[in-house]
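K.L.:
Residue numbers (the working numbering), protein chains in the order written: chain U, 200 to 527; chain A, 12 to 275.
(1) Return the CA-CA distance between residue 87 of chain A and residue 200 of chain A, expressed in angstroms with no decimal places.
(2) With residue 453 of chain U as the anchor, note down where its beta strand (DSSP E) starts and where it stops.
(3) Does residue 447 of chain U have its Cβ less than 7 Å from a Cβ in chain A?
(4) Three-state secondary structure (DSSP) at residue 326 of chain U?
(5) Who are the Cβ neighbours of residue 67 of chain A in its own chain at under 7 Å, not counting the five residues just before and after it?
(6) Using a Cβ cut-off of 7 Å (strictly closer), state whether residue 240 of chain A contacts chain U.
(7) By Cβ distance, which residues of its chain are closer than 7 Å to residue 171 of chain A, with the 5 residues on each side in sequence left out?
(8) Here's a check: name, in chain order, each residue in its chain whose Cβ is nearer than 7 Å to the Cβ of residue 302 of chain U, leaving out the five neighbours to either side.
(9) Would you mind reading off the limits of the alpha helix (DSSP H) that contains residue 229 of chain U?
(10) Tell me where the beta strand (DSSP E) around residue 207 of chain U begins and ends.
(11) Nearest by alpha-carbon distance to residue 251 of chain A: which of U:429, U:506 and U:424 is it?
(12) So, residue 354 of chain U versus residue 304 of chain U, is the Cβ gap smaller than 7 Å?
(13) Could you work out which residues of chain A lie near residue 517 of chain U, taking near to mean beta carbons separated by less than 8 Å?
(14) I'd like to check one pair, residue 358 of chain U with residue 406 of chain U: are the Cβ atoms closer than 7 Å?
(15) Quick check on the DSSP output: the alpha helix (DSSP H) that includes residue 4 of chain A runs from which residue to which?
(16) Would you kindly check if the distance between the Cβ of residue 446 of chain U and the Cβ of residue 479 of chain U is under 7 Å?
(17) Using a Cβ-Cβ cutoff of 9 Å, what residues of the stretch 258 to 290 of chain U are near chain A? List them in chain order.
(18) Of the choices A:126, A:226 and A:220, whose alpha-carbon is the least far from that of residue 59 of chain A?
(19) I'd like to know whether the C-beta atoms of residue 146 of chain A and residue 15 of chain A end up nearer to each other than 7 Å.
(20) For residue 334 of chain U versus residue 321 of chain U, is the C-beta spacing smaller than 7 Å?
(21) Just checking, does the stretch 272 to 283 of chain U make contact with the stretch 368 to 379 of chain U on the three C-beta pairs under 8 Å criterion?
(22) Under the three-state reduction of DSSP, which class applies to residue 334 of chain U: helix, strand or coil?
(23) Just to confirm, are residue 463 of chain U and residue 410 of chain U a CB contact at a threshold of 7 Å?
(24) Could you compute how far the alpha carbon of residue 453 of chain U sits from the alpha carbon of residue 227 of chain A?
(25) Can you pull the chain U residues whose beta carbon is under 8 Å from the beta carbon of residue 144 of chain A, in chain order?
(26) If residue 137 of chain A and residue 129 of chain A are in contact, beta carbons under 8 Å, what's the gap, nearest whole angstrom?
(27) Apart from the five residues on each side of it in sequence, which residues of its chain come closer than 7 Å, Cβ to Cβ, to residue 232 of chain U?
(28) Rounded to whole angstroms, what's the CA-CA distance from residue 393 of chain U to residue 162 of chain A? Just pull it up for me.
(29) Using a Cβ-Cβ distance cut-off of 7 Å, determine whether residue 542 of chain U contacts chain A.
(30) Between the Cα of residue 346 of chain U and the Cα atoms of A:240, A:190 and A:85, which residue gives the shortest distance?
(31) What is the DSSP secondary structure of residue 56 of chain A, reduced to helix, strand or coil?
(32) Is residue 254 of chain U near residue 230 of chain U, with beta carbons less than 7 Å apart?
(33) State buried or exposed for residue 366 of chain U, treating a residue as buried only when at least 16 other CB atoms are found within 10 Å of its CB.
(34) Could you tell me whether the stretch 65 to 81 of chain A touches the stretch 19 to 26 of chain A, where touching means 3 or more Cβ pairs closer than 8 Å?
(35) Going by CA-CA distance only, name the one from U:427, U:349 and U:451 that's closest to residue 396 of chain U.
(36) From what residue to what residue does the alpha helix (DSSP H) around residue 40 of chain A run?
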């Protein structure tokens, strides 16, 4: 009978993404309730050492799919790999991140395993032995609770930053090698190249702190003051659709419905009015600060803290105040 | 080439969402329905590919009668014809049931390319396209922001946004691609387009004609079960400072972030 929890430990270029450790943390909490082992599946090329490391973070078993075919991510290759590992491990629950990779991968795995999947979950719990997933729907205007009652594994893709990362301890994991039995012809879509942007910055979807600029920023070069604030508090800089459509910021910076969904601890919105389509991308932020000179801007309805004033006056002072605070 | 676009009709972004009394769904009266905004990129891409390479474009959509409005919009933009999966048996399908129904409608068309929006803005799952690809045994490229047709006309090179950059993916047809903002700028339907769309064929396809059984689709087949909808938790009113000296307001907020929110 299916038992335990398996997590997909996402890695790129031989490094785990933060979501892998977040899944180990929530995976541990869930397995304490449903019983069975906490296992991880790692897919890549030359990642055996990396896979072994997960023992320190609570994984009791690590299923490893390693080979040339898996050097880069591919929907078909990785889905075959994860499905093969899941068939071998037979977990009651299978978790992936709701990252770009996880969102591409999880439905394909779900179809291979003929089970059900809840995507982009912000909360997971166990009731009567079943996984209950909570997730925002309708642009974040309400939530829905779902379960997968009759098939296993019960699958969920978890939004990055919804859970803290598992801390390193002293455990070790048993390594189980898995061969999904596919050849090069099985991959009809292949990554030719990965183009990197803005090296060194944490991606918005994984960021703990975000400073965003909206229409009120008025020009691309004015993002400089947001960058300065972001550097002081270790934030990633985002933008509203209005700022992107006006050419002040690039598309990869857009937070909101037609951009990225973010889930930071702190979101500082500067010159952003707070249109529904923006809120859809950031309303699960734990603390929201709004800076806008229009006191009627809807963003103030959602903000924990607000300052009604000109962002060009506020932001430089805020940068200085944070500098002082962090130097204490 | 033959291109199928899968369409969904969703509530408008600005629509007010009210839960039903039993918390099993949303009140559908008074909702303004639109074509899922991401699907506009899929329709536009299909039209551009047809303009350049020739062929036929078909829009496929599942849902009650109201969804034909979104289908007409796609036809008015220039799509050639539509297939409407229309049967009470399809209602309340989960992503797998929906993908099965779409696959049943699409398979006889033998398309070179299936285009979908990146996700539907109602449930934001992004599941149906990938499940559809698996069911039809096709490769997929999701969240495509740029697409170049291969010289052979049977493949494409796509850029998809990932964390911290882009993946450049080469894909062989037939394939499922999901379209993101930035791929193109969707056109508006022209008045002649709207007139022409009225005469274009929308073929209804029921459960029996689709070749599926009642076990494949609908609520009973759903592997994902909805327990309940929940309203947003009440957020306590925030502390908003105004009409004070800027440095004073900033100092108070920074202090609150450290001492009350304990976040910095």
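Where is the CB? At the ideal position from N, CA and C, for every residue including glycine.
All figures in this text were calculated on a predicted structure; none of them were measured in a lab.
P.N.:
So, from the data block:
(1) Counted from its first residue, the second chain places residue 87 of chain A at position 76. Counted from its first residue, the second chain places residue 200 of chain A at position 189. One C-alpha to the other measures close to 5 Å.
(2) As a position in the first chain, residue 453 of chain U is number 254, starting the count at 1. First-last for residue 453 of chain U: undefined, no H or E at that position.
(3) Taking the first chain and counting its residues from 1, the one referred to as residue 447 of chain U is at position 248. It does not; no Cβ of chain A falls within 7 Å.
(4) As a first step, residue 326 of chain U must be located in the first chain, where it is residue number 127. Strand.
(5) Indexing the second chain from 1 puts residue 67 of chain A at position 56. Same-chain partners within the cutoff: 13 and 91.
(6) Sequence index remark: in the second chain, residue 240 of chain A carries index 229 (1-based). Closer than 7 Å: yes.
(7) Translated into positions along the second chain, residue 171 of chain A becomes position 160. So the list reads 152, 153, 154, 155, 156, 177, 178 and 180, once near-sequence residues are dropped.
(8) Here residue 302 of chain U is taken as the residue at index 103 of the first chain, counted from 1. Closer than 7 Å at the Cβ level, and outside the excluded window around residue 302 of chain U, lie 318 and 356.
(9) Indexing the first chain from 1 puts residue 229 of chain U at position 30. Unbroken alpha helix (DSSP H) run through residue 229 of chain U: 217 to 233.
(10) For this step, residue 207 of chain U is matched to residue 8 along the first chain. Residue 207 of chain U: member of the beta strand (DSSP E) spanning 204 to 207, first to last residue.
(11) As a position in the second chain, residue 251 of chain A is number 240, starting the count at 1. The candidate whose alpha carbon is nearest that of residue 251 of chain A is U:506.
(12) Against the first chain, residue 354 of chain U aligns to sequence position 155. Against the first chain, residue 304 of chain U aligns to sequence position 105. For residue 354 of chain U and residue 304 of chain U, no; Cβs fall outside 7 Å.
(13) Here residue 517 of chain U corresponds to residue number 318 of the first chain, with the count starting at 1. Neighbours of residue 517 of chain U in chain A, taken as residues at a C-beta separation under 8 Å, are given in chain order as 261, 264 and 265.
(14) Counting from 1 along the first chain, the entry for residue 406 of chain U is found at position 207. Counting from 1 along the first chain, the entry for residue 358 of chain U is found at position 159. Taking 7 Å as the cut-off, the beta carbon of residue 406 of chain U is found no closer than this to the beta carbon of residue 358 of chain U.
(15) Any question about residue 4 of chain A goes unanswered here, given that chain A covers just 12 to 275.
(16) The sequence position of residue 479 of chain U within the first chain is 280, counting from 1. The sequence position of residue 446 of chain U within the first chain is 247, counting from 1. No Cβ-Cβ contact shorter than 7 Å links residue 479 of chain U with residue 446 of chain U.
(17) Along the stretch 258 to 290 of chain U, the positions whose C-beta sits under 9 Å from a C-beta of chain A are 271, 272, 273, 274, 275 and 278, read in chain order.
(18) As a first step, residue 59 of chain A must be located in the second chain, where it is residue number 48. Minimum Cα distance to residue 59 of chain A is reached at A:126.
(19) Working through the second chain from its first residue, we reach residue 146 of chain A at position 135. Working through the second chain from its first residue, we reach residue 15 of chain A at position 4. Against a cut-off of 7 Å, the Cβ pair of residue 15 of chain A and residue 146 of chain A comes out as no contact.
(20) On the first chain, residue 334 of chain U is found 135 positions in, with the first residue counted as 1. On the first chain, residue 321 of chain U is found 122 positions in, with the first residue counted as 1. Taking a C-beta distance under 7 Å as the contact criterion, residue 334 of chain U and residue 321 of chain U qualify as a contact pair.
(21) Judged by Cβ distances under 8 Å, the stretch 272 to 283 of chain U makes contact with the stretch 368 to 379 of chain U, as three or more pairs qualify.
(22) Counting from one through the first chain, the residue named residue 334 of chain U turns up at place 135. Note: residue 334 of chain U maps to strand in three-state DSSP.
(23) Walking along the first chain from the start, residue 463 of chain U turns up at place 264. Walking along the first chain from the start, residue 410 of chain U turns up at place 211. It is not a contact, given that the beta carbons lie outside the stated cut-off.
(24) For the purposes of this step, residue 453 of chain U is identified with residue 254 of the first chain, where counting begins at 1. For the purposes of this step, residue 227 of chain A is identified with residue 216 of the second chain, where counting begins at 1. Rounded to whole angstroms, residue 453 of chain U to residue 227 of chain A spans 39 Å at the Cα level.
(25) Working through the second chain from its first residue, we reach residue 144 of chain A at position 133. What residue 144 of chain A touches in chain U: 274 and 307.
(26) Counted from its first residue, the second chain places residue 137 of chain A at position 126. Counted from its first residue, the second chain places residue 129 of chain A at position 118. With a Cβ gap of about 6 Å, residue 137 of chain A and residue 129 of chain A count as contacting.
(27) Within the first chain, residue 232 of chain U is the residue found at index 33, counting from 1. These residues qualify, in order along the chain: 325.
(28) Locating residue 393 of chain U in the first chain gives position 194, counting from the first residue. Locating residue 162 of chain A in the second chain gives position 151, counting from the first residue. Approximately 22 Å between the Cα atoms of the pair.
(29) This structure cannot settle anything about residue 542 of chain U, because the visible part of chain U is limited to 200 through 527.
(30) Here residue 346 of chain U corresponds to residue number 147 of the first chain, with the count starting at 1. Closest by C-alpha distance to residue 346 of chain U, out of A:240, A:190 and A:85, is A:240.
(31) Counting from 1 along the second chain, the entry for residue 56 of chain A is found at position 45. The three-state secondary structure of residue 56 of chain A, taken from DSSP, is helix.
(32) Your numbering for residue 254 of chain U matches position 55 in the first chain. Your numbering for residue 230 of chain U matches position 31 in the first chain. Cβ atoms of residue 254 of chain U and residue 230 of chain U: not closer than 7 Å.
(33) As a first step, residue 366 of chain U is located in the first chain; it is residue number 167 there, counting from the start. Exposed, by the Cβ-count rule.
(34) The stretch 65 to 81 of chain A, when compared against the stretch 19 to 26 of chain A, does touch it at the 8 Å Cβ threshold.
(35) For the purposes of this step, residue 396 of chain U is identified with residue 197 of the first chain, where counting begins at 1. With distances taken between Cα atoms, residue 396 of chain U lies closest to U:451.
(36) Along the second chain, read from residue 1 onward, the residue named residue 40 of chain A stands at position 29. Note, residue 40 of chain A: premise wrong, no alpha helix (DSSP H); not H, not E.
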